[in-house]
Amino acid sequence: SAVISQKPSRDICQRGTSLTIQCQVDSQVTMMFWYRQQPGQSLTLIATANQGSEATYESGFVIDKFPISRPNLTFSTLTVSNMSPEDSSIYLCSALPGVTEAFFGQGTRLTVV
Amino acid sequence: DAKTTQPNSMESNEEEPVHLPCNHSTISGTDYIHWYRQLPSQGPEYVIHGLTSNVNNRMASLAIAEDRKSSTLILHRATLRDAAVYYCILGAGGTSYGKLTFGQGTILTVHP
C-alpha cells in the first residue's frame with residue numbers, strides 16, 4: 001500500500017500567477033501520475049511523472065502550462081502556470097506501488113480569482 | 001481505451017445489498033475491469049478488479065459476465081459510508097495500469 005500526502009490542500013490564487021503542488025509518497029514507487037478534476041466532473045489524467053526524465057503528457061496538456069518534476073521515487077511536484085479561472089479544479093496525485101492498485105492523494109483544491 | 005457505461009445514479013437502503021452495473025461491450029481480451037470509488041472530498045480509492053473470474057474481497061464482490069461485456073459490483077450490505085461515486089474502469093495490467101480513464105461513474109446514495 002501507499003500513503004500519499006499533498007500540499008497544499010487548498011489555495012486561492014490570483015490569475016496570472018503560478019502554484020506548485022507537492023506530492024509525497026511514504027514508500028518508493030515506480031509510477032506516479034497527476035490528474036485534474038474540474039468542478040462536478042470526473043478525473044482526467046494530466047501526465048505520468050517519470051523519475052529522472054521528462055513527464056509524459058496526455059493530449060490537451062502541455063509542459064509549459066503544467067511543468068512536472070520527479071526528483072526521486074517518493075516525490076513529485078505539479079506546477080499550474082499562468083493561471084486563469086478555467087484552471088480552478090481539484091488536482092490529484094496518484095501512485096502505483098505495485099501493478100494492480102493505484103493510490104490517490106486527498107487532492108489540492110485550487111480556486112483562481 | 002475501451003468505453004464503459006454506468007447508470008448516472010442509484011439509491012439503496014442501509015444494510016441492503018447493492019448491485020452496481022457496468023457495460024463494456026468493446027472490452028479487449030487483455031483489459032482488466034477495475035472499480036474505484038470516490039467519497040465526498042476525497043481522492044478515489046481502489047475497490048476491486050478482475051479479468052475473467054468473479055472476485056471477492058473485504059469490500060465487495062465483482063461479478064463478470066461470461067462474455068465479459070458487462071460486470072456488476074456488489075456491495076453486500078450497504079452502509080452510509082458507502083455513499084460515493086463508483087467508477088468502472090477498463091485498463092491493461094502491468095506498469096501501464098496506473099493510467100486510468102475515468103468515466104462519469106455512478107453516484108450511490110445510501111438511505112438510513
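Note that the protein sequences, when read in sequence, are chains A and B. Numbered according to the working numbering, the first sequence spans residues 1 to 113. Numbered according to the working numbering, the second sequence spans residues 1 to 112. The C-beta atom is built at its ideal place from N, Cα and C for all residues, glycine as well.
In terms of DSSP beta bridges, what is residue i paired with?
| i | result |
| --- | --- |
| tyrosine 97(B) | DSSP, once it has assigned bridges, lists no residue as partnering tyrosine 97(B). |
| arginine 68(B) | Arginine 68(B) is not bridged to any residue. |
| isoleucine 48(B) | Trp35(B) |
| histidine 111(B) | Asn13(B) |
| serine 61(B) | Asn56(B) and Ile74(B) |
Tell me the residue span of the beta strand (DSSP E) that contains residue i.
| i | result |
| --- | --- |
| glutamine 6(A) | 4-7 |
| glycine 91(B) | 84-91 |
| valine 113(A) | Note, valine 113(A): premise wrong, no beta strand (DSSP E); not H, not E. |
| phenylalanine 33(A) | 31-37 |
| glutamate 11(B) | 9-13 |
| isoleucine 21(A) | 19-25 |
| threonine 100(A) | From DSSP, threonine 100(A) is part of no beta strand (DSSP E); its letter is neither H nor E. |
| valine 62(A) | Taken as a continuous stretch (DSSP letters only), valine 62(A) belongs to no beta strand (DSSP E), as it is neither H nor E. |
| asparagine 23(B) | 18-23 |
Can you look up residue i in the DSSP assignment and give me helix, strand or coil?
| i | result |
| --- | --- |
| leucine 73(A) | coil |
| proline 85(A) | helix |
| arginine 10(A) | strand |
| arginine 81(B) | helix |
| alanine 47(A) | strand |
| threonine 30(B) | coil |
| phenylalanine 104(A) | strand |
| threonine 4(B) | coil |
| alanine 95(A) | strand |
Going by other Cβ atoms of all chains shown within 10 Å of its Cβ, with 16 needed for buried, is residue i buried or exposed?
| i | result |
| --- | --- |
| lysine 99(B) | buried |
| proline 112(B) | exposed |
| arginine 15(A) | exposed |
| histidine 49(B) | buried |
| isoleucine 21(A) | buried |
| histidine 76(B) | exposed |
| proline 44(B) | buried |
| isoleucine 63(A) | exposed |
| leucine 39(B) | exposed |
| serine 59(A) | exposed |
| valine 3(A) | exposed |
| serine 25(B) | exposed |
| alanine 78(B) | buried |
| serine 89(A) | buried |
| valine 113(A) | exposed |
| threonine 56(A) | exposed |
Say yes only if the C-beta of residue i is nearer than 8 Å to one or more non-hydrogen atoms of the ligand HEM, and no if none qualify.
| i | result |
| --- | --- |
| methionine 32(A) | No copy of the ligand HEM occurs in the structure displayed, which carries no ligand at all. |
* Segment contact, 8 Å Cβ cut-off, at least three pairs: the region 63-82 of chain B with the region 19-36 of chain A -> no
**Prompt:** Is there contact here, the region 11-30 of chain B with the region 64-79 of chain A, by at least three beta-carbon pairs under 8 Å?
**Reply:** no
_the region 71-88 of chain A in contact with the region 15-32 of chain B per 3-pair CB rule at 8 Å_ = no
| request: Count the CB pairs spanning the region 95-111 of chain A and the region 50-68 of chain B that are closer than 8 Å, and state whether there are at least three. | output: no
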